[in-house]
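Working notes, structure below.
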Amino acid sequence: MTKASLHLLKGAGYLVSTASAILLAIVSWKSAAQSPLLVACLLGGAAASIVGMLCRWLSYEIEKRKEEK
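Start counting at 1 in the sequence shown, then tack on 351, and there's your number in the working numbering.
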C-alpha cells in the first residue's frame with residue numbers, strides 16, 4: 352500500500368468515526384432530551400470525540416508534510 356493510499360484510508364476512517372459519533376448522538380437524543388445534564392453530556396461527548404479525531408488527523412497531516420520536505 353502506498354503512502355498516499357494509507358493517508359486516504361486514515362482520512363476515510365476519521366470520517367466514518369465522525370459519522371458514527373453523530374449517528375449515536377442522534378439515536379440517544381430522545382432519551383437525553385429529558386434532562387439538561389444528559390443533553391450537555393451527550394453533546395459534549397460527541398463534540399469531544401469529533402475534536403479528538405480532528406486532532407489526530409491534523410497530527411498525521413503535519414507529520415506527512417514534514418516527511419515531504
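For every residue, glycine included, the Cβ atom is placed at its ideal position computed from N, Cα and C. Because the structure is a prediction, the values reported are computed rather than measured.
The three-state secondary structure of Met-352, taken from DSSP, is coil. With respect to the 8 Å criterion, Ile-401 and Ala-383 are not classified as neighbours on the basis of their beta carbons. Distance from the CA of Lys-417 to the CA of Gln-385, rounded to the nearest whole angstrom, comes to 48 Å. Excluding residues up to 5 positions away in sequence, nothing lies with its Cβ nearer than 8 Å to the Cβ of Thr-353 in the same chain.
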